[in-house]
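Peer 1: Please see the structure below; I have some questions.
Numbering (our numbering), first residue to last: 32 to 935.
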């Protein structure tokens, strides 16, 4: 490691990254792009916040995506946002010539005047000559800042460019591919999705912890040595936002160079936070400047609430300042989530450094004063436009009365205290367009110790403020539990559903489904609206972890939605359709308990699908048992889960451990293994125990059990000890979290490094593991190190019996689905079968008895028969898959006489 004081700062701020070696964490995105291009998908849409690295991704697509097959042309529309269509096309043609270094003697540029008369000259005359020059390569336009065209001065371009591109794409002989990159807050996002029907799209989002660590350490790997606590603190401050990582690390490098101190600790990180905030002012301002005044107030209130050890609901915090919770404020909070600035629950700012900046630059009391000034200026205009003269007189009397009564109660009234009185008035004025008098009556219609909540009902006040958060995280179609929908029809549909206008809601949800067919929540609410139109539906709830792990909630909901949609579209049963209640437990045990407490009180709910992890299911199960409410888990595998109301469509840990143990000893002939596990996780512990209980009676020996969570775990040293001292032949990997799964990938890499020495005395370890290792992350980050890895999973799309469902799911969702989708589909099918069997005698007790009699054939499930044992277990075996050629493949049957290759 060199420590030259003249060394250039390797961290990049304010410009796109062209160096592919400095771009981290975008492998899955590049794979998404390459897969779609190779499938001849002509338009791909990328979106993300500003400063998230969109331009860097576009510039590096040629470095990562099959450059021998595609010729990429980057074009920044920001510099052409005010130009006509003909000038934009001429500029694109020029870029194609220059970037591909084509000979102008062989290809002439289209003339602007000719393009003004006939813009299709670009397509008919210019592009064919380009195709001829590039031979077998396909031309791909990379259009950056596509939303730059969305401004008042570019109407001509907006009006003509989008349809022009679409018209080219729709032509049968078209050979042009387009990748569009827009800002997450772009107002044109829904328009683009409607113009380019069913276009695949992907978010350029935050980096995960492992990729963030690479961005932190690799640029300065020859200079700086980051301690783990420093890396963790940078990730905490930035949440994996590349721009803020670069800003912080830039200042760390400056400090290290100045002090000649090249070891970076958490103290060093803390020391430069203020400098980083100052230098990132321009980037931070973007988070604020594009918000409405109400969004700004909610944003600041969230920042303020997070100062507390146990943050309260930000809208509740605003009540302390006299701001009444109105639908407009709730919508503002929802918009902040949709824009990616808050977490899915709306109670936490995603990026900590943004929160610190808000507290410094935009304290809550300052924002409230700005709201007062703005709203007072608008009173007359709003009154004239939105209320009748009669309502206006009532509003004035109401405001006067409020001020008078408040002042009379405050004997120590002073002009300074007038601020609080004015705040109360503003709280009413904010919703004047919704008839302010009605809002006043709403908030006074609930009795003492009751709250008025979003579904226009009064609920008993609960001492725990999280209770209200739970209520607002349960929906039939009156609110979203994700809050990240860029879909106007969807938001309008929610409002109509809330008003119980199910006919209108159905129409709008149908449009929303057409706009975003890959969203299971939208499809569920569409079917719920249909079910409500029909009359009293059959109702089942599903609880999912919206916040994390990433994508799990959508995986589960896809299975539920697919089964519901199939049943409802076939007309249901005896005039009744299926309704699904979605609950967000946020992957937290306390939330899961409260969700369960709310669900059991709703007598219309006849069963529950959930929860995501065994820890959550264990807590919720205790509540369901009290109410005799049936629960089917499609993802919880712990052996400790049991009870009269509990069923599952996923193999238990006992089944998974047994399957792996039998395969290890009987099929592979491996005698000595080590187990890596998390001793604090129920799933990890029970998997380990199940493996041991089957492996040792077969004659195998578990040499050691190693704690994956130990901070001092030295993977390279441990692997050498396991191979040379313990003489083990295999490592069995049972991580409980994605972070621990990353550690197992380090184990795989250390094992691969050992094998690469080609020493006959270094045979390395065979690798086996649980279902958490099944996924693209393992393939993309493990690469050749995980070649040969054996994983036991509940369902595999390439299994012979699974292919029909896998193809149906592919058609439904536009891409391959996970095992969680399959097992959740099966759970929903089990409820549907039971409900149709017991109809019309619907009761929780009858559902319980009906589930015990369920016997579904393979064509009614995701591929395997479904029948529950007396203990509620599914009578099926886990599937073994192996990483082979960089993909998961089915392990050949032992009966076939084919022996899989040894794991490397």
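Glycine is no exception: its CB is placed at the ideal position from the N, C-alpha and C atoms.
Is the segment 556-572 in contact with the segment 537-545, if contact means three or more CB pairs nearer than 8 angstroms?
Peer 2: yes
Peer 1: What distance in whole Å lies between the Cβ atoms of residue 878 and residue 638, which are believed to be in contact at a cut-off of 8 angstroms?
Peer 2: Correct: roughly 5 angstroms between the Cβ atoms.
Peer 1: Relative to the alpha-carbon of residue 276, which residue among 677, 262, 375, 809 has its alpha-carbon at the smallest distance?
Peer 2: 262
Peer 1: For residue 305, tell me which candidate among 330, 318, 383, 363 has the shortest Cα-Cα distance.
Peer 2: 383
Peer 1: If the criterion is Cβ atoms closer than 7 angstroms, does the pair residue 210 and residue 173 meet it?
Peer 2: Cβ atoms of residue 210 and residue 173: closer than 7 angstroms.
Peer 1: Whose C-beta lies closer than 6 angstroms to the C-beta of residue 241 among residues of the same chain, with five residues either side of it excluded?
Peer 2: 773
Peer 1: Where DSSP assigns a beta bridge to residue 257, which residues make up the other side?
Peer 2: By DSSP's assignment, residue 257 forms a beta bridge with 295.
Peer 1: So residue 154 packs on residue 199, CB below 8 angstroms; how close in whole Å?
Peer 2: 5 angstroms
Peer 1: Excluding the 5 residues preceding and the 5 following residue 689 in the sequence, name in chain order all residues of the same chain whose CB lies nearer than 7 angstroms to its CB.
Peer 2: 721, 725
Peer 1: Nearest by alpha-carbon distance to residue 171: which of 205, 544, 151 is it?
Peer 2: 205
Peer 1: Jot down the residue ranges of each uninterrupted alpha helix (DSSP H) in the segment 884-918, minimum 4 residues, whole runs only, in chain order.
Peer 2: None, since the segment 884-918 contains no complete alpha helix (DSSP H) of that length.
Peer 1: What would DSSP say about residue 396, mapped onto helix, strand or coil?
Peer 2: helix
Peer 1: Measuring CB to CB, does residue 914 end up less than 7 angstroms from residue 818?
Peer 2: yes
Peer 1: Quick check: what's the CA-CA separation for residue 753 versus residue 705?
Peer 2: 8 angstroms
Peer 1: Identify whether residue 686 lies in helix, strand or coil by the three-state DSSP scheme.
Peer 2: helix
Peer 1: Am I right that residue 714 and residue 767 are in contact with their C-beta atoms under 8 angstroms? What's the rounded C-beta distance?
Peer 2: That belief holds up - the Cβ atoms of residue 714 and residue 767 are roughly 6 angstroms apart, short of 8 angstroms.
Peer 1: For residue 573, which beta-bridge partners are listed by DSSP?
Peer 2: 613, 640
Peer 1: Does DSSP put residue 814 in a helix, a strand or coil?
Peer 2: helix
Peer 1: Give the range of the alpha helix (DSSP H) segment to which residue 771 is assigned.
Peer 2: Taken as a continuous stretch (DSSP letters only), the alpha helix (DSSP H) holding residue 771 covers 769-786.
Peer 1: Tell whether a beta-carbon distance below 7 angstroms holds between residue 827 and residue 894.
Peer 2: no
Peer 1: Would you kindly check if the distance between the Cβ of residue 799 and the Cβ of residue 729 is under 7 angstroms?
Peer 2: no
Peer 1: How is residue 232 classed by DSSP in three states: helix, strand or coil?
Peer 2: strand
Peer 1: Please go through the segment 294-367 and give each complete alpha helix (DSSP H) segment of 4 or more residues, from N-terminal end onward.
Peer 2: 297-302, 304-310, 312-320, 324-336, 345-351
Peer 1: Assuming residue 875 and residue 590 make a contact with CB atoms under 8 angstroms, what is their CB distance in whole Å?
Peer 2: About 23 angstroms separates the Cβ atoms of residue 875 and residue 590, ruling out a contact at the 8 angstroms cut-off.
Peer 1: CA-CA distance, residue 116 and residue 313?
Peer 2: 32 angstroms
Peer 1: Whole-angstrom Cβ separation of residue 807 and residue 781, contact assumed at under 8 angstroms?
Peer 2: Beta-carbon to beta-carbon, residue 807 and residue 781 are separated by about 22 angstroms, too far to satisfy the 8 angstroms threshold.
Peer 1: Tell me whether the beta-carbon of residue 684 lies closer than 7 angstroms to the beta-carbon of residue 668.
Peer 2: yes
Peer 1: In chain order, what residues of the same chain have a beta carbon less than 7 angstroms from the beta carbon of residue 655, not counting five sequence neighbours either side?
Peer 2: If we look at residue 655 and ignore the five residues flanking it on each side, its Cβ neighbours are 627, 631, 639, 662, 676.
Peer 1: Let me check one thing: in DSSP terms, what residues is residue 107 bridge-paired to?
Peer 2: 175
Peer 1: According to DSSP, is residue 567 helix, strand or coil?
Peer 2: It is coil, neither helix nor strand.
Peer 1: Please name the residue in 297, 505, 286, 372 whose C-alpha comes closest to that of residue 270.
Peer 2: 372
Peer 1: Where do the N-terminal and C-terminal ends of the beta strand (DSSP E) with residue 77 fall, by residue?
Peer 2: Following the DSSP letters along the chain, one finds residue 77 inside the beta strand (DSSP E) bounded by residues 74-79.
Peer 1: Could you give the C-beta distance for residue 592 and residue 551, rounded to a whole number, given that I count them as a contact under 8 angstroms?
Peer 2: 4 angstroms
Peer 1: Among 718, 641, 847, whose alpha-carbon lies nearest the alpha-carbon of residue 919?
Peer 2: 847
Peer 1: Helix, strand or coil, according to DSSP, for residue 732 in the structure here?
Peer 2: strand
Peer 1: Specify, as a first and last residue, the run of the beta strand (DSSP E) that residue 677 falls within.
Peer 2: It spans 677-679 - the beta strand (DSSP E) in which residue 677 sits, taken as one unbroken run.
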